[in-house]
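Position 100 of the sequence shown, counted from 1, bears residue number 101 in the working numbering, the numbering being contiguous throughout.
Beta carbons: idealized from backbone N, C-alpha and C, even for Gly.
This one's a predicted model, so the numbers in the text were calculated from it and none came from an experiment.
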Amino acid sequence: MARDSLYPVSVKAGKPILGMLPTGWQKLSLEKCLNIEARKAYIQDNQEYDLVTVKRSRGGVIRREHLKGKDISVKSQFYIKEDDFLISKRQIVHGACGLVPKELSGSIVSNEYCVLTGKSGFYLPYMEFLSESLYFQQTCFHSSIGVHIEKMIFKLDSWFKWPFNIPPLSEQKRIVKILSTWDNAISVTENLLANSQQQKKALMQQLLTGKKRLLDENGVRFSGEWRSGPLGSLVGRIYGGGTPSRANSGLWGGDIPWVTVKDLISPRINGAQEYINEIGLAESASNLVLAGTVIIATRMAVGKTVMASCDVAINQDLKAICASEYVCSEYIFNWFLLHSEQIAKMGTGSTVKGVQVEAIKALNMTIPKAIEEQQKIATVLFAADAEISILEKKLACLKDEKKALMQQLLTGKRRVKVEAEEAVSA
């Protein structure tokens, strides 16, 4: 079987290897645990129906459309109920499965979906977490047929032949209770993060347009004038970079970070995947960008903006935007963040999107005339960024901890007879 690296990250194509059977567990086919449901819906032309779909990577069951029966092209439909477990036959190789939420009970799906409920002795919510295991995902891939990853069809009868290590009902419920606690913490943090990001966006819109004015160091609200004009007339030098010859290894491996689009991961750049030396910098079109300078992608990830935390070199897909007597780098950085979506839409090209520097220079830019006000605005926005960063790190930590705990619980390496109460109350 082909390597996972040949497929999207949502696909787990490796060989399924079932771990050792924990004491007290049973090795069962899921056919012994699940019922196949087929609640036939007789579609009436003037009746309205909710149609659902399942998002990839176990992203949940969501409403897809609300249609009258006469507008539903596929008339063979089936009702679903709260807590049914849905599997998309065409998308399960990408992890498209999940429990039906209460608000979508009574919706309909076509026979492109498997609708499953739990048999006696099996707690269906356990499937929500079992489906996140690598073994589950690999069995789904190996139970699907097709010559192209986007056209593979899941065969339920084949999948039912795979064995799974299943804990007793009481342990299933405890595992679900523990992991649901982590899911709740993750959900709360995701909501806090989304709110912080939305508030930061609104704050940018107010501060960078002058709709909201801040207080100066004396506690007096700024009241100075603003100026507007083409970006190219307000910022300093704008320049790009290049790539040293790959044929000459002597140009590579120095101590100068050579930044490309793939390095634009966080708002601050302090390193790169590849490094060049002084000779590579001198003998190529690459240019040195000083610490504190704004860098924007004008090709591929068009509009992506970062600030250099150290001196770096850049390639031809990036442009450095320097400060000037009119505007400081910190303000430029936040201005580009506010307008990143607008700039991204300016990208043209059939395969790889790009935007011309002249188009960037022509953008209308509005700035406070007082550098002090620009810096104050940037300080407030950077504080919002810091709050967002803390939440992002907390969220990543929670997800990593849940993943590690889930791997232990679903394989029986960690039993819940004693630890369950502690984990739930944590």
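For methionine 308, the three-state secondary structure derived from DSSP is strand. A contact between stretches requires three or more CB pairs, one per stretch, nearer than 8 Å, and the segment 144 to 161 meets this requirement with the segment 30 to 42. Per DSSP, the continuous alpha helix (DSSP H) segment holding glycine 233 begins and ends at 232 to 235. Residue environment analysis places glutamine 139 among the buried positions, since at least 16 neighbouring C-beta atoms fall within 10 angstroms of its C-beta. Restricting attention to Ser224, Ala14, Gln78, the CA atom closest to the CA of cysteine 115 is found in Gln78. For the pair glutamine 200 and serine 144, the Cα-to-Cα distance works out to about 45 Å. Looking from the CA of lysine 174, the closest CA among Phe130, Leu216, Arg214 belongs to Phe130. Following the DSSP letters along the chain, one finds aspartate 401 inside the alpha helix (DSSP H) bounded by residues 372 to 412. Straight-line measurement puts the Cα of tyrosine 124 at about 15 Å from the Cα of leucine 410. As computed with DSSP, tryptophan 227 is found in a beta bridge with Pro369. Here serine 132 is not near serine 58, since their CB atoms are 8 Å or more apart. Shown here for valine 417: same chain residues with a beta carbon closer than 8 Å to its own, the five before and five after excluded, namely Glu172, Arg175, Ile176, Ile179, Leu410, Ala424 in chain order. Here DSSP, grouped into helix, strand and coil, assigns phenylalanine 79 to strand. Membership of glutamine 198 in the alpha helix (DSSP H) is indicated by the continuous run 170 to 208. About 26 Å separates the beta carbons of tyrosine 127 and isoleucine 109, which is beyond the 8 Å limit, so they are not a contact pair. Within the same chain, Cβ atoms closer than 8 Å to the Cβ of asparagine 36 are found at Leu117, Thr118, Gly119, Lys120, the five residues on either side in sequence being excluded. For the set Trp336, Trp26, Arg64, the Cα lying nearest the Cα of phenylalanine 165 is the one of Trp26. Annotation for tryptophan 253: the continuous beta strand (DSSP E) segment containing it runs 253 to 260. If you draw a straight line from the Cα of glycine 243 to the Cα of lysine 212, it is about 40 Å long. The alpha carbon of aspartate 256 has as its nearest neighbour, out of Val62, Leu68, Asp312, His67, the alpha carbon of Asp312. Separation of aspartate 84 and arginine 40 (C-alpha to C-alpha, rounded to the nearest whole angstrom) is 15 Å. Apart from the 5 residues on each side of it in sequence, alanine 186 sits with its Cβ closer than 6 Å to the Cβ of Leu399 in its chain, given in chain order. Relative to the Cα of leucine 338, the nearest Cα in the group Ser325, Asp318, Thr306, Ser351 belongs to Thr306. For glycine 119, the enclosing beta strand (DSSP E) covers residues 114 to 119. One alpha carbon belongs to arginine 300, the other to alanine 385, and they sit about 28 Å apart. Take glutamine 375, set aside five residues on each side of it, and the residues of its chain with a beta-carbon closer than 8 Å to its own are Val328, Cys329, Glu331, Tyr332, Ile368, Pro369, in chain order. Ranking Leu216, Gln45, Leu392, Glu359 by CA distance to the CA of threonine 380 puts Leu216 first. In the structure shown, threonine 140 adopts helical secondary structure according to DSSP, grouped into three states.
When C-alpha distances from isoleucine 372 are compared across Val101, Val62, Phe223, Ile63, the shortest belongs to Phe223.
A direct Cα-Cα distance of roughly 15 Å separates isoleucine 322 from leucine 265.
In the three-state reduction of the DSSP assignment, valine 110 falls in the strand class.
Between the segment 226 to 243 and the segment 276 to 291, the count of Cβ pairs shorter than 8 Å is three or higher; the stretches touch. Annotated three-state conformation of lysine 69 is strand, per DSSP.
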